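>
Number of protein chains: 2
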Amino acid sequence: MYNIGIDLGGTNIAAAIVDENGTIIRKGSTPTMSERDYSAIIKDMAMLALKLLEEEGIDIDDIHSVGVGSPGTPDPENGIIVYANNLRFHNTPIRQEMKKYIDKPIYLGNDANVAAFGEYECGTGLECNNLVAITLGTGVGGGIVIDGKIISGSFNGGAELGHVSINYNGITCTCGRKGCWEQYSSASALIRDAKEAATNNPQSKLNELVDGDLSKMNAKIPFDAALEGDEVADKVIKNYIKYLAIGIANVINVFQPEIVVLGGGVSAQRDNLIKPLEKEVINEIYGGKNAFKTKIKVAKLGNDAGIIGAAMLYKIYEKV
Amino acid sequence: MYNIGIDLGGTNIAAAIVDENGTIIRKGSTPTMSERDYSAIIKDMAMLALKLLEEEGIDIDDIHSVGVGSPGTPDPENGIIVYANNLRFHNTPIRQEMKKYIDKPIYLGNDANVAAFGEYECGTGLECNNLVAITLGTGVGGGIVIDGKIISGSFNGGAELGHVSINYNGITCTCGRKGCWEQYSSASALIRDAKEAATNNPQSKLNELVDGDLSKMNAKIPFDAALEGDEVADKVIKNYIKYLAIGIANVINVFQPEIVVLGGGVSAQRDNLIKPLEKEVINEIYGGKNAFKTKIKVAKLGNDAGIIGAAMLYKIYEKV
Chain A
1131 MYNIGIDLGG TNIAAAIVDE NGTIIRKGST PTMSERDYSA IIKDMAMLAL
1181 KLLEEEGIDI DDIHSVGVGS PGTPDPENGI IVYANNLRFH NTPIRQEMKK
1231 YIDKPIYLGN DANVAAFGEY ECGTGLECNN LVAITLGTGV GGGIVIDGKI
1281 ISGSFNGGAE LGHVSINYNG ITCTCGRKGC WEQYSSASAL IRDAKEAATN
1331 NPQSKLNELV DGDLSKMNAK IPFDAALEGD EVADKVIKNY IKYLAIGIAN
1381 VINVFQPEIV VLGGGVSAQR DNLIKPLEKE VINEIYGGKN AFKTKIKVAK
1431 LGNDAGIIGA AMLYKIYEKV
Chain B
1131 MYNIGIDLGG TNIAAAIVDE NGTIIRKGST PTMSERDYSA IIKDMAMLAL
1181 KLLEEEGIDI DDIHSVGVGS PGTPDPENGI IVYANNLRFH NTPIRQEMKK
1231 YIDKPIYLGN DANVAAFGEY ECGTGLECNN LVAITLGTGV GGGIVIDGKI
1281 ISGSFNGGAE LGHVSINYNG ITCTCGRKGC WEQYSSASAL IRDAKEAATN
1331 NPQSKLNELV DGDLSKMNAK IPFDAALEGD EVADKVIKNY IKYLAIGIAN
1381 VINVFQPEIV VLGGGVSAQR DNLIKPLEKE VINEIYGGKN AFKTKIKVAK
1431 LGNDAGIIGA AMLYKIYEKV
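Sequence order for the protein chains is A and B.
Positions 1131 to 1450 (the numbering used here) are the ones given, in order, by the first sequence.
Positions 1131 to 1450 (the numbering used here) are the ones given, in order, by the second sequence.
#1: Nearest chain A C-beta to B:Leu1451 closer than 8 Å, yes or no?
#2: A:Ala1263 to A:Trp1311, Cα distance in whole Å?
#3: How would you list, in chain order, the residues of chain B whose beta-carbon sits under 7 Å from the beta-carbon of A:Gly1278?
#4: Report the rounded CA-to-CA distance for A:Tyr1416 versus A:Gly1377, giving the unit in angstroms.
#5: Is the number of C-beta pairs between the region 1273-1293 of chain B and the region 1337-1356 of chain B that are closer than 8 Å three or more?
#6: Name the one or two DSSP bridge partners that A:Ser1345 has.
#7: Going by beta-carbon coordinates alone, are B:Met1131 and B:Glu1251 separated by less than 8 Å?
#8: Where A:Ser1284 and B:Gln1386 are concerned, what is the direct C-alpha to C-alpha distance, given to the nearest angstrom?
#9: Is the Cβ of A:Val1294 closer than 8 Å to any Cβ of chain B?
#10: In the DSSP assignment, what residue or residues form a beta bridge with A:Asn1297?
#11: What are the boundary residues of the beta strand (DSSP E) that A:Val1391 is part of?
#12: Please report whether the beta-carbon of A:Lys1423 lies at a distance below 8 Å from any beta-carbon of chain B.
#13: Give a yes or no on whether 8 Å exceeds the smallest Cβ distance from B:Tyr1298 to chain A.
#14: Given that B:Pro1458 touches chain A, what residues does it touch there, using C-beta distances under 8 Å?
#15: Output, in sequence order along the chain, the residues in the region 1388-1403 of chain A whose CB is closer than 7 Å to any CB in chain B.
#16: With 9 Å as the C-beta to C-beta threshold (strictly closer), list the residues of the region 1236-1263 of chain A near chain B in chain order.
#17: Under 7 Å Cβ to Cβ from A:Asp1205, same chain only, skipping five residues before and after it: list those, please.
#18: Just verifying my parser: in three-state terms, what is the DSSP assignment at A:Ala1145?
#19: Can you list, in chain order, the residues of the region 1135-1160 of chain A whose Cβ is nearer than 7 Å to any Cβ on chain B?
#20: Tell whether a beta-carbon distance below 8 Å holds between B:Ile1437 and B:Ala1144.
#21: Only counting the same chain, and skipping five residues up and downstream in sequence, which positions put a Cβ closer than 8 Å to that of B:Val1148?
#22: Classify A:Ser1397 as buried or exposed, calling it buried when 16 or more other Cβ atoms lie within 10 Å of its own Cβ.
#23: Is the Cβ-Cβ distance between A:Ile1171 and A:Thr1162 less than 8 Å?
#24: Determine the chain B residues that contact A:Ser1284 at a beta-carbon separation under 7 Å, and present them in chain order.
#25: If you measure between the beta carbons of A:Ala1363 and A:Thr1254, is that distance less than 8 Å?
#26: Spell out the partners DSSP gives B:Val1196 in its beta bridges.
#27: Is the CB of A:Gly1187 under 8 Å away from at least one CB in chain C?
#28: With respect to the alpha helix (DSSP H) encompassing A:Ser1315, which residues constitute its N-terminal and C-terminal limits?
#29: Hey, how far is the Cα of B:Ser1318 from the Cα of B:Gly1267?
#30: Using the rule of at least 16 other Cβ atoms within 10 Å of the residue's Cβ for burial, across every protein chain shown, is B:Thr1302 buried or exposed?
#31: Rounded to whole angstroms, what is the Cα-Cα separation between A:Gly1269 and A:Ser1316?
#32: Please list, in chain order, all residues of the same chain as B:Cys1305 whose beta carbon is under 8 Å from its beta carbon, the five residues on each side excluded.
#33: For A:Glu1388 and A:Val1275, I'd like the C-alpha separation in whole angstroms.
#34: Less than 8 Å between the beta carbons of A:Ser1282 and A:Asn1243, yes or no?
#35: For a test of the three-state rule: what should DSSP assign to B:Tyr1490, helix, strand or coil?
#36: Compute the Euclidean distance between the alpha carbons of A:Ala1327 and A:Gly1393, then round it to the nearest angstrom.
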């Protein structure tokens, strides 16, 4: 028995046939071309899935369900995306459209939540009951799984961990608030701060590593420069980790999960990030060292968390 | 069938016989005298409960369970308080001791969480599935109930909503962090700010209402002075509500509960608090006005939330 997992992104649709253990049997992708009508996008999602089945020689009868992770606010019960800004979805009937091509149970979730569920079921969280996933990318995404259920609020738009304000007079966020955590701990924030430090410190290795072209700055470069002993980059990284620790301590003080799992580009730094981060988090959490039982780990599934989590959604709704 | 609810406080033990609907049949209290050994305290809890039964003429056979809300970190499974600073509890076997006097199922929870559960089962949350309770008192307490379960983390010490930092360079909290929400939104914080404003503004009504004795300041006086048109007090209240809104928006962005229920002394202000608060919260939440579906309400059960919630704990553990 297999499930199909689909990760609908603003740029690409990724899909995979996934076995019961969460192993990807075959995967593929196709451009979203998000300017199109939803019906064309959903048709392409289905066609991609059917193509994978054909390529792999798997019969549709061996497919148990299709799961979809989508940006925006889902209504999982009715199989609808209530609202997704980037895709111009508004009460978009994903399940109904999908059923035209694949007549199987169709499950639906928000992409960040679904990726967290993937890590919970098949990745870092394999043997834990509670997990909070934090994605350090363009923004700071959040996904909360407690006792096998995705926690996203009564109106399915919660778990916006990046939009917890850690500085009420701080940097204005794209959401309109001041001091949202993602303005300090996203990869974008790190890149912004590294660029600023490079501009203010012409002697810094940061400039050398981007060949004097700040548009080449990415989230890896400040870590590389710091490792090479650059003091300016080291300060940028220390600051970044301080803010990350503040937000993670907020998460732990509320959820005390078994695991906080970090994903997104910055998490590729692994121990360069996790070790100093843990030291800062201990100083911030309620109850201090004795209360610090949550493990901070790097996501295992990487970009596949979304498709694997989508393929596993049936476990939530069928209460397997 | 009745249940006994016990709310163990640092100063008083409150207990009640509660019927299946959450109605208090008879209640009483006795001093905690927290300097005593735990066994003496727990014996008094049991004796108080038995006395209430005798006074009401209810047979012990008509009692289904005993629930206890205690400060500190519980281990509900094993019926132990792992740690409670004020009571000097350390791995204290509440269930085992209690069973010596009342041989019924004994259930246990953290006091703030249990009070939230009381509101959920029998108060403001009567017909909702998700609720976050926030107590504005000496500190800012939190209790989270989702689908009938108390969410307090894998290590039972979570839901510390008052220790979410909203200002990482802000006021140092008793917990050691900077900028914890409770430093801005507790009744204590309001009193602190009102005292400061009174000192800096001798002409303010705040001074008049405390008869020139700032030690008489409480959380009601700045609201009273503001209602009487005192500009200094009005500014204190506006600031207080601003901070409260920031923290509540953080809670909503994460949990999107059906209801945020406010308890503690400050919540007695009812519409004077809730109406301006809602306006501020709308400006702070992710998705703005359209996403604002959470209702902000004042707790219904007041000080009885703890004993009623304790009496209802069996519903969690017996999965009624």
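Note that beta-carbon positions come from the ideal geometry of N, C-alpha and C, so glycine has one too.
As the structure is a computational prediction, the values presented were derived from the model and not from experiment.
Looking at the atomic coordinates:
#1: The requested residue 1451 of chain B is not part of the displayed model; chain B covers only 1131 to 1450.
#2: Here residue 1263 of chain A is taken as the residue at index 133 of the first sequence, counted from 1. Here residue 1311 of chain A is taken as the residue at index 181 of the first sequence, counted from 1. If I take the Cα positions, the gap works out to 15 Å.
#3: Looking up residue 1278 of chain A in the first sequence gives position 148. Within chain B, no residue comes near A:Gly1278; the closest Cβ sits about 12 Å away, beyond 7 Å.
#4: Walking along the first sequence from the start, residue 1416 of chain A turns up at place 286. Walking along the first sequence from the start, residue 1377 of chain A turns up at place 247. Whole-angstrom Cα-Cα distance: 13 Å.
#5: no
#6: The count along the first sequence starts at 1 and reaches residue 1345 of chain A at position 215. A:Ser1345 pairs with nothing; no bridge assigned.
#7: Taking the first residue of the second sequence as position 1, residue 1131 of chain B is located at position 1. Taking the first residue of the second sequence as position 1, residue 1251 of chain B is located at position 121. Taking 8 Å as the Cβ cut-off, B:Met1131 and B:Glu1251 do not qualify as a contacting pair.
#8: Taking the first sequence and counting its residues from 1, the one referred to as residue 1284 of chain A is at position 154. Taking the second sequence and counting its residues from 1, the one referred to as residue 1386 of chain B is at position 256. So the alpha carbons of these two residues sit roughly 6 Å apart.
#9: Walking along the first sequence from the start, residue 1294 of chain A turns up at place 164. Cβ-Cβ to chain B under 8 Å: yes for A:Val1294.
#10: Here the question's residue 1297 of chain A lines up with position 167 in the first sequence. DSSP output for A:Asn1297 lists B:Asn1297 as bridge partner(s).
#11: On the first sequence, position 261 is the one that residue 1391 of chain A refers to. First-last of the beta strand (DSSP E) with A:Val1391: Ile1389 to Gly1393.
#12: For the purposes of this step, residue 1423 of chain A is taken as residue 293 along the first sequence, with counting starting at 1. By this cut-off, A:Lys1423 is an interface position.
#13: As a working mapping, residue 1298 of chain B is identified with position 168 in the second sequence. Taking Cβ atoms only, chain A reaches closer than 8 Å to B:Tyr1298, which makes this a yes.
#14: With chain B running from 1131 to 1450 in the structure shown, residue 1458 of chain B is simply not present.
#15: Glu1388
#16: Cys1258, Asn1259 and Asn1260
#17: Position 75 of the first sequence, counting from 1, holds the residue named residue 1205 of chain A. Answer for A:Asp1205: Val1212 and Asn1286, listed in chain order.
#18: Translated into positions along the first sequence, residue 1145 of chain A becomes position 15. In this structure, A:Ala1145 counts as strand in the three-state DSSP scheme.
#19: none
#20: Translated into positions along the second sequence, residue 1437 of chain B becomes position 307. Translated into positions along the second sequence, residue 1144 of chain B becomes position 14. It is a contact, given that the beta carbons lie within the stated cut-off.
#21: Position 18 of the second sequence holds residue 1148 of chain B. Answer for B:Val1148: Tyr1132, Asn1133, Ile1134, Gly1135, Ile1154, Ile1155, Ile1437, Ile1438, Ala1441 and Met1442, listed in chain order.
#22: Within the first sequence, the letter at position 267 stands for residue 1397 of chain A. So A:Ser1397 counts as buried.
#23: As a first step, residue 1171 of chain A must be located in the first sequence, where it is residue number 41. As a first step, residue 1162 of chain A must be located in the first sequence, where it is residue number 32. Yes, these two residues count as a Cβ contact at 8 Å.
#24: Within the first sequence, residue 1284 of chain A is the residue found at index 154, counting from 1. Chain B residues near A:Ser1284: Asn1259, Asn1260, Gln1386, Pro1387 and Glu1388.
#25: In the first sequence, counting from the first residue as 1, residue 1363 of chain A sits at position 233. In the first sequence, counting from the first residue as 1, residue 1254 of chain A sits at position 124. Contact: no.
#26: Here residue 1196 of chain B refers to the residue found at position 66 when the second sequence is read from its first residue. Bridge partners of B:Val1196: B:Ile1134 and B:Ile1236.
#27: Although the question refers to chain C, the structure presented lacks it and instead comprises the protein chains A and B.
#28: For the purposes of this step, residue 1315 of chain A is taken as residue 185 along the first sequence, with counting starting at 1. Its alpha helix (DSSP H) spans residues Glu1312 to Ser1315.
#29: Here residue 1318 of chain B corresponds to residue number 188 of the second sequence, with the count starting at 1. Here residue 1267 of chain B corresponds to residue number 137 of the second sequence, with the count starting at 1. Roughly 7 Å separates the two Cα atoms.
#30: Taking the first residue of the second sequence as 1, we reach residue 1302 of chain B at position 172. Exposed, since its Cβ has fewer than 16 Cβ neighbours within 10 Å.
#31: For the purposes of this step, residue 1269 of chain A is identified with residue 139 of the first sequence, where counting begins at 1. For the purposes of this step, residue 1316 of chain A is identified with residue 186 of the first sequence, where counting begins at 1. Rounded to whole angstroms, A:Gly1269 to A:Ser1316 spans 5 Å at the Cα level.
#32: As a position in the second sequence, residue 1305 of chain B is number 175, starting the count at 1. Excluding residues within five positions, the ones whose Cβ falls inside 8 Å are His1293.
#33: Locating residue 1388 of chain A in the first sequence gives position 258, counting from the first residue. Locating residue 1275 of chain A in the first sequence gives position 145, counting from the first residue. The alpha-carbon atoms of A:Glu1388 and A:Val1275 are separated by roughly 11 Å.
#34: Mapped onto the first sequence, residue 1282 of chain A falls at position 152. Mapped onto the first sequence, residue 1243 of chain A falls at position 113. Contact: yes.
#35: The structure shown does not extend to residue 1490 of chain B, since chain B is modelled only from 1131 to 1450, so the question has no answer here.
#36: On the first sequence, position 197 is the one that residue 1327 of chain A refers to. On the first sequence, position 263 is the one that residue 1393 of chain A refers to. Spanning the two alpha carbons is a distance of roughly 25 Å.
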